[in-house]
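Participant: Next up is a structure, given as structure tokens.
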Amino acid sequence: MSAAPTVPAGGSEGLAVYVHLPWCVSKCPYCDFNSHTLRGSLPEAQYVAALLADLDADLPSLSGRRVASLFVGGGTPSLFSGRSIESLLIGVASRLEIAADVEITLEVNPGTVERGRLADYRAAGVNRLSIGAQSFDAGKLRVLGRIHGPEEISAAVAEARAGGFSNINLDLMYGLPEQSPSQALADVRAALALEPTHLSHYQLTLEPNTRFHHQPPPLPDEDTLWEIESACRPVLVGAGFERYEVSAWAQPGAECRHNLAYWRFADYLGLGAGAHGKLSSAEGVRRRWRIAHPQGYLLAAAPRLAGERWLVAEDLVCEYLMNVLRLREGFTLAAFTARTGLAAQQLAPSLERLRDRGLMTLEAGRWRASDQGYAHLDGLLAEFLPAAPSPS
Ligand SMILES: C[S@@+](CC[C@H](N)C(=O)[O-])C[C@H]1O[C@@H](n2cnc3c(N)ncnc32)[C@H](O)[C@@H]1O
Ligand code: SF4
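Residues in the sequence shown are numbered consecutively from 272, following the numbering used here.
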């Protein structure tokens, strides 16, 4: 697909900042994130200094940007002390303008919640926690290799509230080994009983380079997965949650603004081992990523890049749609042009074909996947790829 690129938007709007902290107590058998078992002591101060040095090196390309969201993810960020998180946030705020209503999220593993630590994060400026619950079934947590039981999840939520957090996400996975629909539903009910504002409900996937991929556990079949989804959906809706993305459910107004920035194809900066960033400028849209291994990252000189790539028209179309089609709100053709710098007419034939097949809808200028299309997003996307077969 080709088109004359114009200047994509991004330069003047809010910036999302992702900070990756790559260490975990142990590696879960399903996880393909850039996470590494911690051996020895955590080089907290050295790592925070490296993150800020990366930021210093990137500042010339960030002038005029204001931080709208910051997400500290991992790995297990909750291994870091409140002091280290505070020096990170002070360091960012002394280098970049921060929006008054900035969303600052930190990922917490319930097995690492030391007394008072979450309150320290709150005092440091973190205002949203994302707690990795995964399941409330002790047996399933064992199979998943988790370092915590169900009680630690409730304790982490109680600690979070006592520490002053009201905006709390719980991560749950479903489609777990030998999981029945009633077990998956019990997990959702247990999560809802803790009254989070947001719930991420991921289907467990077998990712290459994980233990589960090499030795696959017995996973529920397609029919059971469909039953699980059909059972959980009305319970989440009944509890006041809205599904605003394939796996993301939120109380009204509690959508994750940081993740929305990714899904809307806005700009983001990535700091830390293996972190990816995407920035738009008058020259186009550039992706950059940092050295992935923590030791290699720490030993390198800022900006510690492992690679970079200017996105061409085909990448832009594909990446834009791959993200935005996940959102219930869909997209407008004007937003497509603003984000990619490409003319929107080129999408029209594919969009019309998908609408004719009932896979997409157009309402008040917004294109969205229909319920049927939402269930077959890969097929939908294939329609926009050059020489790709159409979904039947
Ligand atoms: C980057 S992980 C970090 C959270 C934190 N380290 C923890 O595990 O508690 C974010 C979330 O992705 C989900 N996840 C990780 N691997 C997955 C997989 N193979 N399939 C589905 N969801 C997965 C889990 O729910 C996890 O909490
Ligand atoms: S704790 Fe989280 S990031 Fe670490 S290995 Fe397990 S799922 Fe991956």
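In this text, a Cβ means the ideal position worked out from N, Cα and C, and glycines have one as well.
For clarity, every value in this text was computed on a predicted model and none was experimentally measured.
Does any heavy atom of ligand 2 sit closer than 7 Å to the C-beta of Lys549?
Facilitator: Not under cutoff, so the answer is no.
Participant: Looking at the structure shown, is His647 part of a helix, part of a strand, or coil, going by DSSP?
Facilitator: The answer is coil: DSSP assigns His647 none of H, G, I, E or B.
Participant: Can you check which of these residues, Ser352, Ala462, Phe483 and Leu633, is closest to Ser425 by C-alpha distance?
Facilitator: Looking at the Cα atoms, Ala462 is the closest of the given residues.
Participant: At a cut-off of 7 Å, would you count Tyr301 as near ligand 1, judging by its Cβ distance to the nearest heavy atom?
Facilitator: Checking every heavy atom of ligand 1 against the Cβ of Tyr301, one is found closer than 7 Å.
Participant: Threshold first: 3 residues or longer. Then list the beta strand (DSSP E) segments lying entirely within the stretch 299-359, N to C.
Facilitator: Those beta strand (DSSP E) runs which fall completely within the stretch 299-359 and span 3+ residues are 337-345.
Participant: Nearest-angstrom Cα distance between Glu478 and Leu377?
Facilitator: If you take the alpha carbons of Glu478 and Leu377, they lie about 24 Å apart.
Participant: Check whether the Cβ atoms of Arg637 and Gly601 lie closer than 8 Å to each other.
Facilitator: Their beta carbons are under 8 Å apart, which means Arg637 touches Gly601 by this criterion.
Participant: Inspect the beta-carbon positions of His485 and Trp520 and report whether they are closer than 8 Å.
Facilitator: No, they are not a contact pair.
Participant: Can you give me the Cβ contacts of Ala409 inside the same chain, cut-off strictly under 7 Å, excluding the 5 residues immediately before and after it?
Facilitator: So the qualifying residues of the chain are Gly420 and Pro421.
Participant: What is the rounded straight-line gap between the Cα of Ser312 and the Cα of Ser365?
Facilitator: Straight-line Cα distance between these residues: approximately 28 Å.
Participant: Mapping DSSP to helix, strand and coil, what is Cys589?
Facilitator: Helix at Cys589.
Participant: Please indicate yes or no: does the CB of Ser306 lie closer than 7 Å to some heavy atom of ligand 2?
Facilitator: At least one heavy atom of ligand 2 is nearer than 7 Å to the Cβ of Ser306, so yes.
Participant: Three-state secondary structure (DSSP) at Asp494?
Facilitator: Asp494: helix per DSSP, three-state reduction.
Participant: Quick one: grab the DSSP three-state call for Gln486.
Facilitator: Here Gln486 sits in coil by DSSP.
Participant: Quick test of the definition: if touching needs 3 or more C-beta pairs under 8 Å, does the stretch 624-643 touch the stretch 562-579?
Facilitator: Result no; under three Cβ-Cβ pairs closer than 8 Å.
Participant: I'd like to confirm something about Ala480: is its beta-carbon nearer than 7 Å to some heavy atom of ligand 2, or not?
Facilitator: Note on identity: in this sequence residue 480 is Asn, with Ala being the wrong assignment. False, no ligand heavy atom lies under 7 Å from that Cβ.
Participant: Measuring from the CB of Tyr473, is there a heavy atom of ligand 1 at a distance below 7 Å?
Facilitator: Yes; taking the cut-off as 7 Å, the Cβ of Tyr473 has a heavy atom of ligand 1 nearer than that.
Participant: Specify the secondary structure class of Ala274 as computed by DSSP and reduced to three states.
Facilitator: Residue placement at Ala274 cannot be trusted, given a pLDDT of 40 that sits under 50; what the coordinates show is reported in the next sentence. Coil, per DSSP.
Participant: What number of angstroms, rounded off, separates the C-alpha of Gly446 from the C-alpha of Glu500?
Facilitator: Spanning the two alpha carbons is a distance of roughly 9 Å.
Participant: Among Lys411, Ala390 and Gln454, which has the Cα closest to the Cα of Arg432?
Facilitator: Looking at the Cα atoms, Ala390 is the closest of the given residues.
Participant: Whole angstroms are fine: how far does the CA of Ala614 sit from the CA of Pro276?
Facilitator: Any reading at Pro276 must be qualified, since the residue scores a pLDDT of 44, below 50, and its modelled position is unreliable; the value itself is stated next. Between Pro276 and Ala614, the C-alpha separation is close to 8 Å.
Participant: Does the beta-carbon of Thr308 have 16 or more other beta-carbons within 10 angstroms, so that it is buried, or is it exposed?
Facilitator: Answer is exposed; the Cβ neighbour count stays below 16.
Participant: In angstroms, rounded to a whole number, what distance separates the CA positions of Pro300 and Gln617?
Facilitator: Answer to the nearest angstrom: the Cα atoms are 43 Å apart.
Participant: Can you tell me the Cα-Cα spacing of Asp325 and Glu368, whole angstroms?
Facilitator: Whole-angstrom Cα-Cα distance: 17 Å.
Participant: Please classify Leu476 as buried or exposed, where buried requires at least 16 neighbouring CB atoms within 10 angstroms.
Facilitator: Before going further, note that residue 476 is Thr rather than Leu in the sequence given. Per the 10 Å Cβ criterion, exposed.
Participant: Assess contact between the stretch 548-568 and the stretch 492-511, defined as three or more Cβ pairs (one per stretch) separated by less than 8 Å. Is contact present?
Facilitator: Verdict: no, contact absent.
Participant: In whole angstroms, what separates the C-alpha of Gly511 from that of Tyr473?
Facilitator: Approximately 19 Å, taken between the alpha carbons.
Participant: Should Leu598 and Glu516 be called a contact, given that it needs their Cβ atoms to be closer than 8 Å?
Facilitator: Yes, Cβ-Cβ distance for Leu598 and Glu516 is below 8 Å.
Participant: Hey, Ala537 and Glu284 are a contact pair by Cβ (cut 8 Å); roughly how many whole angstroms apart?
Facilitator: So it is a contact: roughly 7 Å between Cβ atoms.
Participant: Could you tell me if Pro489 is buried or exposed, where buried requires 16 or more neighbouring beta carbons within 10 angstroms of its beta carbon?
Facilitator: Burial call: exposed.
Participant: In terms of residues, what are the limits of the beta strand (DSSP E) holding Arg637?
Facilitator: That run of the beta strand (DSSP E) goes Arg637 to Ala640.
Participant: Can you give, in chain order, each stretch of the alpha helix (DSSP H) that sits fully within the stretch 346-427 and has at least 4 residues?
Facilitator: Complete alpha helix (DSSP H) runs here, min 4: 353-364, 388-395 and 409-414.
Participant: With Glu526 as the anchor, note down where its beta strand (DSSP E) starts and where it stops.
Facilitator: First-last for Glu526: undefined, no H or E at that position.
Participant: What's the gap between the Cα of Phe655 and the Cα of Asn594?
Facilitator: Going from the Cα of Phe655 to the Cα of Asn594 covers about 13 Å.
Participant: Thinking just about the alpha-carbon of each residue, which of Val588, Thr481, Leu456 and Ser451 is nearest to the one in Arg492?
Facilitator: Arg is not the amino acid found at residue 492; the sequence shown has Asp there. The candidate whose alpha carbon is nearest that of Asp492 is Ser451.
Participant: Can you grab the Cα-Cα spacing for the pair Asp458 / Tyr289, in whole Å?
Facilitator: So the alpha carbons of these two residues sit roughly 29 Å apart.
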